[in-house]
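Enquirer:
2 protein chains.
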Amino acid sequence: MQYRSGCPIASALDIVGDKWSLLLLRSMVVGATSYSDFLAAPERISTNILSERLDRLEEAGIIVQVHRRRGSRRGAYALTEKGAALIPALQELARWGETHLPDRWAAPDRFYAARVEDFANNSGRASGRQEPGAP
Amino acid sequence: MQYRSGCPIASALDIVGDKWSLLLLRSMVVGATSYSDFLAAPERISTNILSERLDRLEEAGIIVQVHRRRGSRRGAYALTEKGAALIPALQELARWGETHLPDRWAAPDRFYAARVEDFANNSGRASGRQEPGAP
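Residue numbers (the working numbering), protein chains in the order written: chain A, 34 to 168; chain B, 34 to 168.
1) Are the CB atoms of LEU83 of chain B and LEU72 of chain B nearer to each other than 8 Å?
2) Return no unless some Cβ of chain C is closer than 8 Å to the Cβ of ALA118 of chain B.
3) Using the beta-carbon of each residue, which ones in chain B are nearer than 7 Å to HIS133 of chain A?
4) In this structure, does DSSP put ALA43 of chain A in helix, strand or coil?
5) At least one CB of chain B closer than 8 Å to the CB of ASP70 of chain A: is that the case?
6) When the Cα atoms are used, what is the spatial distance from ARG37 of chain B to SER44 of chain B?
7) Report the option in A:GLY39, A:PHE152, A:GLN35 and A:ILE48 whose CA atom is closest to the CA atom of ALA32 of chain A.
8) Please determine if the stretch 112 to 128 of chain A and the stretch 120 to 128 of chain B are in contact, where contact requires at least 3 C-beta pairs separated by less than 8 Å.
9) Could you have a look at LEU119 of chain B and say whether DSSP puts it in helix, strand or coil?
10) With respect to the alpha helix (DSSP H) encompassing LEU83 of chain B, which residues constitute its N-terminal and C-terminal limits?
11) If you check the beta carbons only, do ASP149 of chain B and ALA117 of chain B fall under 8 Å apart?
12) Exposed or buried, which one is GLU76 of chain B when buried takes at least 16 other CB atoms within 10 Å?
13) Looking at the secondary structure, which residues open and close the alpha helix (DSSP H) in which TYR68 of chain A lies?
14) For ASP21 of chain B and TYR145 of chain B, what's the separation of their Cα atoms in angstroms?
15) Would you identify the three-state DSSP class for ALA65 of chain A, choosing helix, strand or coil?
16) From the DSSP secondary-structure annotation, give me the bridge partner or partners of LEU112 of chain A.
17) Short of 6 Å in beta carbon distance, which residues of its chain neighbour LEU56 of chain A, apart from the five on each side in sequence? Order them along the chain.
18) Compare the C-beta of SER38 of chain A with all C-beta atoms of chain B and state if any pair is closer than 8 Å.
19) Compute the distance between the beta-carbons of SER60 of chain A and ASP70 of chain A, then report whether it is under 8 Å.
20) Check GLU131 of chain A in the structure and name its three-state DSSP category.
21) Would you say PRO141 of chain B and GLU131 of chain A are within 8 Å of each other, going by their C-beta atoms?
22) Following a CB-centred definition, is TRP138 of chain A positioned closer than 7 Å to any heavy atom of the ligand COA?
23) Tell whether a beta-carbon distance below 8 Å holds between ARG86 of chain B and GLN98 of chain B.
24) Would you say VAL62 of chain B and ILE120 of chain B are within 8 Å of each other, going by their C-beta atoms?
25) Can you find a C-beta in chain B that's less than 8 Å from the C-beta of ALA65 of chain A?
26) Rounded to whole angstroms, what's the CA-CA distance from ASP88 of chain B to HIS100 of chain A? Just pull it up for me.
27) Once the 5 residues before and after GLN35 of chain A are set aside, which same chain residues still bring their CB inside 8 Å of it?
28) Verify the CB distance criterion: does PRO165 of chain B have a CB-CB separation below 8 Å to chain A?
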């Protein structure tokens, strides 16, 4: 990873500073696990951007594939502990959007209730044995 | 503003979901106010990206020009209350970067000590009379 500087914010944005990465994490916090789940989100991500972002998030250790079947390119995805640690930032962005942008949806209660610790079992690289999002 | 959906996170990312916007806010939280301050940050933003981002953040009501002299295209910038309300999200991104990315700088104490309320006087559109960042 080539970082622009040693600044922790700049470096975080080098990884997730785009319109889609944090949005995929949002979907995972409320239950999305599969490629088709991500495609079904209301923002209509294109398949090529989705594939690229999933691969990049996986390479960065933010998400991990679980339950990948033999010969299947993409299994279910789960947040790692490193990925789940972005939940507070996501929640702050949601609060900001709800408060400061007109007529936005309210994020569901389970989104604000999500805790980093709920995802603490997914910190390994793909083991194929964990339930995505299992506590 | 054309939002991808009503989701408050998607909408927030429609505005600040890129590598530079939140980084400019970071610089402002620790004292940057002028075009040359932003150019001096270690990430070496290019002048055309800086100009485009400043204009976009101003249009979104996140920053405001203060002290603009007659005939001068760019004065000093200050965070508005709407912009300062992104500080908690910035702080969470900084914590994440410090904790989960290797060998990042520690953000200065004054960055983590910054409070939304410290910027509450800058909520108007360019008045030309406020001190940038004044409490």
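The C-beta atom is built at its ideal place from N, Cα and C for all residues, glycine as well. For clarity, every value in this text was computed on a predicted model and none was experimentally measured.
Expert: According to the structure data:
1) The residue given as residue 83 of chain B occupies position 50 in the second sequence. The residue given as residue 72 of chain B occupies position 39 in the second sequence. Yes. Within cutoff.
2) The structure shown contains no chain C; its protein chains are A and B.
3) Taking the first residue of the first sequence as position 1, residue 133 of chain A is located at position 100. Result: LYS115 and ALA118.
4) Against the first sequence, residue 43 of chain A aligns to sequence position 10. The three-state secondary structure of ALA43 of chain A, taken from DSSP, is helix.
5) Within the first sequence, the letter at position 37 stands for residue 70 of chain A. The beta carbon of ASP70 of chain A sits no closer than 8 Å to any beta carbon of chain B.
6) What you label residue 37 of chain B is simply residue 4 of the second sequence in a count that begins at 1. What you label residue 44 of chain B is simply residue 11 of the second sequence in a count that begins at 1. So the two alpha carbons sit approximately 7 Å from each other.
7) The shown model of chain A, from 34 to 168, leaves out residue 32 of chain A, and the question about it has no answer.
8) Yes, the stretch 112 to 128 of chain A touches the stretch 120 to 128 of chain B.
9) Counted from its first residue, the second sequence places residue 119 of chain B at position 86. Assigned with DSSP and collapsed to three states, LEU119 of chain B falls in coil, not helix or strand.
10) Mapped onto the second sequence, residue 83 of chain B falls at position 50. Where LEU83 of chain B is concerned, the enclosing alpha helix (DSSP H) starts and stops at 80 to 92.
11) Translated into positions along the second sequence, residue 149 of chain B becomes position 116. Translated into positions along the second sequence, residue 117 of chain B becomes position 84. Per the sequence shown, residue 149 of chain B should be read as Val rather than Asp. In this structure, ALA117 of chain B lies closer than 8 Å to VAL149 of chain B by Cβ.
12) Walking along the second sequence from the start, residue 76 of chain B turns up at place 43. With a threshold of 16 other beta carbon atoms within 10 Å, GLU76 of chain B meets it and is buried.
13) If you number the first sequence from 1, residue 68 of chain A lands on position 35. It spans 68 to 72 - the alpha helix (DSSP H) in which TYR68 of chain A sits, taken as one unbroken run.
14) This structure does not reach residue 21 of chain B, given that chain B is present from 34 up to 168, and the question cannot be answered.
15) The residue you call residue 65 of chain A lines up with position 32 of the first sequence. Of the three classes helix, strand and coil, the one that applies to ALA65 of chain A here is coil, per DSSP.
16) Taking the first residue of the first sequence as position 1, residue 112 of chain A is located at position 79. A:ILE96.
17) Taking the first residue of the first sequence as 1, we reach residue 56 of chain A at position 23. Within the same chain, LEU56 of chain A has no close Cβ partners at all.
18) Residue numbering aside, residue 38 of chain A sits at position 5 when the first sequence is read from its first letter. With a threshold of 8 Å between beta carbons, SER38 of chain A makes contact with chain B.
19) Here residue 60 of chain A refers to the residue found at position 27 of the first sequence. Here residue 70 of chain A refers to the residue found at position 37 of the first sequence. Yes. Within cutoff.
20) By 1-based counting over the first sequence, the position of residue 131 of chain A is 98. In the three-state reduction of the DSSP assignment, GLU131 of chain A falls in the helix class, which pools H, G and I.
21) Reading the second sequence from its first residue, position 108 is the one you call residue 141 of chain B. Reading the first sequence from its first residue, position 98 is the one you call residue 131 of chain A. No.
22) The ligand COA is absent from the structure shown, which contains no ligand whatsoever.
23) Within the second sequence, the letter at position 53 stands for residue 86 of chain B. Within the second sequence, the letter at position 65 stands for residue 98 of chain B. Not in contact: ARG86 of chain B and GLN98 of chain B (Cβ atoms no closer than 8 Å).
24) In the second sequence, residue 62 of chain B corresponds to position 29, counting from 1. In the second sequence, residue 120 of chain B corresponds to position 87, counting from 1. In this structure, ILE120 of chain B lies closer than 8 Å to VAL62 of chain B by Cβ.
25) The count along the first sequence starts at 1 and reaches residue 65 of chain A at position 32. It does not; no Cβ of chain B falls within 8 Å.
26) Here residue 88 of chain B refers to the residue found at position 55 of the second sequence. Here residue 100 of chain A refers to the residue found at position 67 of the first sequence. Computed Cα separation, rounded: 46 Å.
27) For the purposes of this step, residue 35 of chain A is taken as residue 2 along the first sequence, with counting starting at 1. The beta carbon of GLN35 of chain A lies closer than 8 Å to those of ASP47 in the same chain, with the five residues before and after it left out.
28) On the second sequence, position 132 is the one that residue 165 of chain B refers to. Low per-residue confidence applies at PRO165 of chain B: pLDDT is 48, beneath 50, and the placement is therefore not dependable, though the value from the model is reported in the following sentence. Cβ-Cβ to chain A under 8 Å: no for PRO165 of chain B.
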